[in-house]
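Engineer: Okay, handing you the structure first.
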Amino acid sequence: MANRSSNISSAKKSDIINSSNSSLNSSSTSTSDIKSLQLKKLIGKVKQSKIIFVGTYTERRLVQRVTSEYRDIVVVNKEEEDLIACLKKIQRVIHEEFGDEKWLGITCNQVEGESLDYNLWVELDKVPFGKHWFQMKSLKIKDNTVQLQLKYLRSFQATDREYLHDDNQPTFDLNKILTYNNMCEAIKFTAVLVMSIITLSGHVLWHTSNYSIKITRELSNLIRALTPVIFGFYELLSKCIGGIYWLIYMLFQGNSRGPIMPPPMAIMPNNKQRSYNHQNYYR
1 MANRSSNISS AKKSDIINSS NSSLNSSSTS TSDIKSLQLK KLIGKVKQSK
51 IIFVGTYTER RLVQRVTSEY RDIVVVNKEE EDLIACLKKI QRVIHEEFGD
101 EKWLGITCNQ VEGESLDYNL WVELDKVPFG KHWFQMKSLK IKDNTVQLQL
151 KYLRSFQATD REYLHDDNQP TFDLNKILTY NNMCEAIKFT AVLVMSIITL
201 SGHVLWHTSN YSIKITRELS NLIRALTPVI FGFYELLSKC IGGIYWLIYM
251 LFQGNSRGPI MPPPMAIMPN NKQRSYNHQN YYR
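Residue numbers for the sequence shown follow full-length UniProt numbering, so the first one is 1 and each next one is one higher.
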């Protein structure tokens, strides 16, 4: 009986141990599945986000203790809030998934516990040093490293984002603008502006009509005074032109007929000559 009871108790203990081991294995597999699922979701979100940001390509450095390969360092501006939030999430998920097994190509410069700039250790293809536009493509997991893949878009110009250099620029808040006092002032200003425009239009119309009446009167007086002068000048001009034409006509007419010879003068009139002949006959 004692041996039987001992066998039963040992069997129960082995069952308990096996069940605990199976529960531990199931819990470990479930946690690993959850972690892998989180990583897959993270990679999918990174691919779908396609965040466009401004980064400064500062240097190319050798990562000797991890891969013995060169990596290009891109410094992210502090104003890229969406990208920084995504980078923090990537750091958290990769740390939960791999711990210190894999090196993550995302570092942060900190001063007195405050994060200043994020550095991306990536691989670029023939990109000059300086500030450029980049696009986040995906998350690359290779051997013992995890790094972002970036797409180079174009170089950064000062006219693209002037607010990056202007820290004192006030933020635009619509609620602070659309207040009761501002609306009342806007209505008053609009009413005054409309009344001013109407008054100005009336004054312009009155002065224009008065000026046009005065111009019409002065033009009528001028026309009345110039009418005799114009007609006299017209008559003089017509006479001068007519005289010139008549002179030309007379010159050409005289040359065609030849000179006019005057008739010969008689020594004595015919009647007197006849009476003289009759007197001589009767004598």
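Idealized CB from N, CA, C, for every residue including glycine.
1. Enumerate in chain order the residues of its own chain whose CB-to-CB distance from Ser220 is below 8 Å, with the five nearest sequence positions on each side excluded.
2. Apply the 10 Å Cβ neighbour rule to residue 311 and answer buried if 16 or more other Cβ atoms are within range, or exposed otherwise.
3. I'd like the list of long-range same chain contacts for Thr58, defined as Cβ closer than 6 Å, with 5 residues on each side in sequence excluded.
4. In terms of residue numbering, what span does the beta strand (DSSP E) encompassing Lys142 cover?
5. Determine the direct distance from the alpha carbon of Ile198 to that of Cys184, and round the result to whole angstroms.
6. Spell out the partners DSSP gives Asn109 in its beta bridges.
7. Do you know how far the Cα of Lys140 is from the Cα of Glu96?
8. With respect to the alpha helix (DSSP H) encompassing Phe98, which residues constitute its N-terminal and C-terminal limits?
9. Should Leu150 go down as buried or exposed, given a rule of 16 or more other Cβ atoms within 10 Å for buried?
10. Do Phe53 and Met136 come within 9 Å of each other at the CB atom, strictly closer than that value?
11. Looking at C-alpha atoms only, which residue of Leu62, Arg71, Val63 and Ile94 is the closest neighbour of Ser36?
12. Just checking my contact of Ser138 with Lys47 at CB under 8 Å: how many whole Å lie between their CB atoms?
13. Going straight from the alpha carbon of residue 364 to that of Ile90, what length do you get?
14. CB-CB under 8 Å to Lys78, same chain, minus the five flanking residues each way: which ones, in chain order?
15. If you draw a straight line from the C-alpha of Lys45 to the C-alpha of Ala186, how long is it?
16. When DSSP labels each residue in this structure, what does Glu123 get in the three-state scheme?
17. For Thr29, does the three-state DSSP call read helix, strand or coil?
18. Do you know offhand how far Ser26's Cα is from Ile51's?
19. Can the beta-carbon of Leu104 be found closer than 9 Å to that of Gly55?
Structural biologist: From the atom records:
1. Looking up residue 220 in the sequence shown gives position 220. In its own chain, leaving out the 5 sequence neighbours on each side, no residue places its CB closer than 8 Å to the CB of Ser220.
2. This structure does not reach residue 311, given that the chain is present from 1 up to 283, and the question cannot be answered.
3. By 1-based counting over the sequence shown, the position of residue 58 is 58. The beta carbon of Thr58 sits closer than 6 Å to the beta carbons of Ile73 and Val75 from its chain, once the five residues preceding and following it are set aside; these are given in chain order.
4. Counting from 1 along the sequence shown, the entry for residue 142 is found at position 142. Going by DSSP, Lys142 is part of the beta strand (DSSP E) stretching over Gly130 to Lys142.
5. Here residue 184 corresponds to residue number 184 of the sequence shown, with the count starting at 1. Here residue 198 corresponds to residue number 198 of the sequence shown, with the count starting at 1. The alpha-carbon atoms of Cys184 and Ile198 are separated by roughly 21 Å.
6. By 1-based counting over the sequence shown, the position of residue 109 is 109. Asp117.
7. Taking the first residue of the sequence shown as position 1, residue 96 is located at position 96. Taking the first residue of the sequence shown as position 1, residue 140 is located at position 140. Taking the straight line joining both Cα atoms gives about 17 Å.
8. On the sequence shown, residue 98 is found 98 positions in, with the first residue counted as 1. Taken as a continuous stretch (DSSP letters only), the alpha helix (DSSP H) holding Phe98 covers Glu81 to Phe98.
9. Reading the sequence shown from its first residue, position 150 is the one you call residue 150. Around the beta carbon of Leu150, a 10 Å sphere encloses 16 or more other beta carbons of the protein chains shown; the residue is thus reported as buried.
10. Stepping through the sequence shown from its first residue, residue 136 is reached at position 136. Stepping through the sequence shown from its first residue, residue 53 is reached at position 53. Closer than 9 Å, so yes.
11. For the purposes of this step, residue 36 is taken as the residue at position 36 of the sequence shown. The option with the nearest alpha carbon to Ser36 is Ile94.
12. As a position in the sequence shown, residue 138 is number 138, starting the count at 1. As a position in the sequence shown, residue 47 is number 47, starting the count at 1. In this structure Ser138 touches Lys47 by the C-beta definition: roughly 5 Å separates them, less than 8 Å.
13. Because the chain spans 1 through 283 in this model, residue 364 falls outside it and cannot be assessed.
14. Start at 1 with the first residue of the sequence shown, and residue 78 comes out as number 78. Cβ-Cβ distances below 8 Å link Lys78 to Ile84, Leu116 and Asp117 in the same chain, with the five nearest sequence neighbours on each side left out; the list follows chain order.
15. Position 45 of the sequence shown, counted from the first residue, corresponds to residue 45. Position 186 of the sequence shown, counted from the first residue, corresponds to residue 186. Lys45 and Ala186: Cα-Cα distance of roughly 46 Å.
16. As a position in the sequence shown, residue 123 is number 123, starting the count at 1. In this structure, Glu123 counts as coil in the three-state DSSP scheme.
17. As a first step, residue 29 is located in the sequence shown; it is residue number 29 there, counting from the start. In this prediction, Thr29 scores a pLDDT of 37, lower than 50, which makes its location untrustworthy; no coordinate-derived value is stated.
18. Looking up residue 26 in the sequence shown gives position 26. Looking up residue 51 in the sequence shown gives position 51. A caution first: Ser26 carries a pLDDT of 39, below 50, which makes its placement in the model too unreliable to give a value.
19. On the sequence shown, residue 104 is found 104 positions in, with the first residue counted as 1. On the sequence shown, residue 55 is found 55 positions in, with the first residue counted as 1. Not closer than 9 Å, so no.
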